[in-house]
Amino acid sequence: MTHAISKTQFQSTAFGLKQRRTSDLFQLSFKFSVLKHTTQMARSALDEMSNAGAFLRTPSTFRNFISRDPTSPFPPEAGRYHLYISYACPWASRCLAYLKIKGLDKAISFASVKAIWERTKDTDEHMGWVFPASETEEPGAEPDPLNGAKSIRELYEIASTNYSGKYTVPVLWDKKLKTIVSNESGEIIRMFNTEFNEIAENAALDLYPPHLQAQINEVNEWIYDGINNGVYKCGFAKKQGPYEEAAKKLYEALEKCEEILCKQRYLCGNTVSEADIRLFVTLIRFDEVYAVHFKCNKKLLREFPNLFNYTKDIFQLPGTSSSVNMEHIKRHYYGSHPSINPFGIIPLGPDIDFSAPHDRERFSN
Ligand SMILES: N[C@@H](CCC(=O)N[C@@H](CS)C(=O)NCC(=O)O)C(=O)O
Numbered sequence: 001m002t003h004a005i006s007k008t009q010f011q012s013t014a015f016g017l018k019q020r021r022t023s024d025l026f027q028l029s030f031k032f033s034v035l036k037h038t039t040q041m042a043r044s045a046l047d048e049m050s051n052a053g054a055f056l057r058t059p060s061t062f063r064n065f066i067s068r069d070p071t072s073p074f075p076p077e078a079g080r081y082h083l084y085i086s087y088a089c090p091w092a093s094r095c096l097a098y099l100k101i102k103g104l105d106k107a108i109s110f111a112s113v114k115a116i117w118e119r120t121k122d123t124d125e126h127m128g129w130v131f132p133a134s135e136t137e138e139p140g141a142e143p144d145p146l147n148g149a150k151s152i153r154e155l156y157e158i159a160s161t162n163y164s165g166k167y168t169v170p171v172l173w174d175k176k177l178k179t180i181v182s183n184e185s186g187e188i189i190r191m192f193n194t195e196f197n198e199i200a201e202n203a204a205l206d207l208y209p210p211h212l213q214a215q216i217n218e219v220n221e222w223i224y225d226g227i228n229n230g231v232y233k234c235g236f237a238k239k240q241g242p243y244e245e246a247a248k249k250l251y252e253a254l255e256k257c258e259e260i261l262c263k264q265r266y267l268c269g270n271t272v273s274e275a276d277i278r279l280f281v282t283l284i285r286f287d288e289v290y291a292v293h294f295k296c297n298k299k300l301l302r303e304f305p306n307l308f309n310y311t312k313d314i315f316q317l318p319g320t321s322s323s324v325n326m327e328h329i330k331r332h333y334y335g336s337h338p339s340i341n342p343f344g345i346i347p348l349g350p351d352i353d354f355s356a357p358h359d360r361e362r363f364s365n
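Numbering (full-length UniProt numbering), first residue to last: 1 to 365.
As structure tokens, this is what we get:
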């Protein structure tokens with residue numbers, strides 16, 4: 001038996017191979033374009049990049065309001081709403097802090113996802129927030145008690161069949177209409193502050209009182225841009241220029257806070273306000289995460305005497321400390337951004353005791 005092949009056989013085999021290679025290539029490129037398409041559809045914060053290499057956060061999309069207005073489709077009923085959070089996320093944590101501070105935790109249920117992002121579907125590469133499979137899998141995280149969802153992404157897909165944005169926390173969920181009321185923390189905290197006062201245990205506390213609103217809005221604006229979002233602009237920058245610009249702005253804003261806080265207890269005077277809770281969620285993560293993971297190391301929080309003591313002061317407000325889970329915070333950041341920390345190593349320090357004494361009472365009288 002001979003293994004030689006004729007010229008025609010050779011030509012046809014070669015043609016077949018070439019054809020197969022072309023068709024494989026076509027299929028591969030088709031698969032790649034589908035993949036590209038689906039990953040483009042399922043985005044995360046790591047994809048939000050300008051051509052100049054700067055991080056650009058996109059706005060939230062579910063913007064309904066729970067309101068006491070009798071015509072509101074979302075009235076403030078006890079037991080009707082659920083807050084999906086991640087303890088790691090500063091935006092979700094500010095909602096949880098409000099829920100605790102206002103005494104709403106019996107009226108509004110809440111649960112946290114797992115700390116580290118995982119694949120949300122087998123059919124594409126999207127990495128995002130997922131629920132544990134059991135109560136015991138991860139301390140602090142719980143399976144979805146309402147919809148049995150495996151991921152936050154699934155909740156967005158229940159709420160909207162053609163959603164194409166990011167699958168972010170917080171998610172304020174309406175159990176009755178089975179939909180997302182809001183995924184914008186800046187608006188959720190306003191609802192928690194005023195709209196549930198008939199059922200809130202600490203209704204008298206107003207963190208956005210009319211006489212301070214203009215001042216709070218003004219402070220929020222530069223603190224959001226320079227600090228809350230500023231640390232992300234430092235951490236997610238892909239070029240030196242945008243990183244340096246963000247870091248410079250961050251430290252200017254921190255120095256401005258330090259100056260304000262050497263004269264008064266809180267950002268807008270001697271009573272705590274929304275502006276303080278919004279700043280706090282970034283400061284509590286600063287030395288533990290942002291200084292290392294996001295390269296915000298020009299000066300540590302502990303090197304700003306007023307800001308550091310102020311952070312302890314806010315941490316010690318009744319309700320706030322239970323919104324902080326440092327284990328989740330550190331595991332999330334160091335473990336969910338492989339492009340920044342490829343081996344997922346979590347630094348041991350600095351392990352700050354925020355319940356230690358502070359000197360902020362000096363402003364009270
Ligand atoms: N504007 C939103 C931002 C929320 C946000 O960015 N959350 C992050 C976690 S810190 C998130 O869920 N990211 C998911 C992703 O980027 O895919 C808010 O303030 O509520």
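Cβ coordinates follow ideal geometry from the N, Cα and C atoms, glycine included.
Since the structure is predicted, the reported quantities are computational estimates derived from the model, not experimental observations.
Checklist entry - Looking at residue 231 and residue 308, is the spacing between their C-beta atoms short of 7 Å? => result For residue 308 and residue 231, no; Cβs fall outside 7 Å.
Checklist entry - How long is the line joining the alpha carbons of residue 311 and residue 123, rounded to whole angstroms? => result 43 Å
Checklist entry - Does any heavy atom of ligand 1 sit closer than 6 Å to the C-beta of residue 128? => result yes
Next on the checklist: If contacts are defined as beta-carbon pairs under 8 Å, then residue 224 and residue 273 qualify, I think. What distance do you get, rounded to the angstrom?
Outcome noted: Their Cβ separation, rounded to whole angstroms, is 15 Å, which puts residue 224 and residue 273 out of contact at 8 Å.
Item to check | Stretch-stretch touch, CB-based, cutoff 8 Å, three pairs: the stretch 323-339 with the stretch 145-155 | outcome: no
Item to check | Euclidean distance between Cα positions of residue 352 and residue 323 | outcome: About 16 Å.
Checklist entry - According to DSSP, which residues form a beta bridge with residue 352? => result None; residue 352 has no bridge partner.
Next on the checklist: Nearer than 6 Å: is that true of the beta carbon of residue 184 relative to any heavy atom of ligand 1?
Outcome noted: yes
Item to check | Pair within 7 Å by beta-carbon distance, residue 81 and residue 108 | outcome: yes
Checklist entry - Under three-state DSSP, which class holds residue 128? => result strand
Next on the checklist: Tell me the DSSP secondary structure of residue 85 in three-state form.
Outcome noted: strand
Next on the checklist: Using a Cβ-Cβ cutoff of less than 7 Å, which residues in the same chain neighbour residue 150 once the five nearest sequence positions on both sides are dropped?
Outcome noted: Within the same chain, and ignoring the five residues on either side of residue 150 in sequence, the residues whose Cβ sits closer than 7 Å to its Cβ are 130, 131.
Checklist entry - Hey, would you say the C-beta of residue 168 is under 6 Å away from at least one heavy atom of ligand 1? => result With a cutoff of 6 Å, residue 168 counts as near ligand 1, since its C-beta is closer than that to a heavy atom of the ligand.
Next on the checklist: For a test of your reading of the model: does the CB of residue 60 fall under 6 Å from any non-hydrogen atom of ligand 1? Yes or no.
Outcome noted: Residue 60 Cβ: within cutoff of ligand 1.
Checklist entry - Near residue 302, which residues of its chain fall below 8 Å by C-beta distance, leaving aside the five closest residues on each side in sequence? => result By the criterion of a C-beta distance shorter than 8 Å, residue 302 is surrounded in its chain by 287, 308, 350, 352, once the five residues flanking it on both sides are discounted.
Checklist entry - Within the chosen definition, does the stretch 241-250 reach the stretch 187-199 through at least 3 CB pairs nearer than 8 Å? => result The stretch 241-250 is not in contact with the stretch 187-199.
Next on the checklist: Assuming residue 219 is part of the alpha helix (DSSP H), what are its boundary residues?
Outcome noted: 213-223
Item to check | Those runs of the alpha helix (DSSP H) which lie wholly inside the stretch 138-203 and span at least 4 residues | outcome: 152-159, 185-194
Next on the checklist: Measuring only from the beta carbon, is residue 173 closer than 6 Å to any heavy atom that is part of ligand 1?
Outcome noted: no
Item to check | Close beta carbons around residue 193, own chain, < 6 Å, minus the five adjacent residues each side | outcome: 207, 208
Item to check | Separation of residue 62 from residue 121, as counted between CA atoms | outcome: Distance between residue 121 and residue 62, taken at the CA atoms: about 22 Å.
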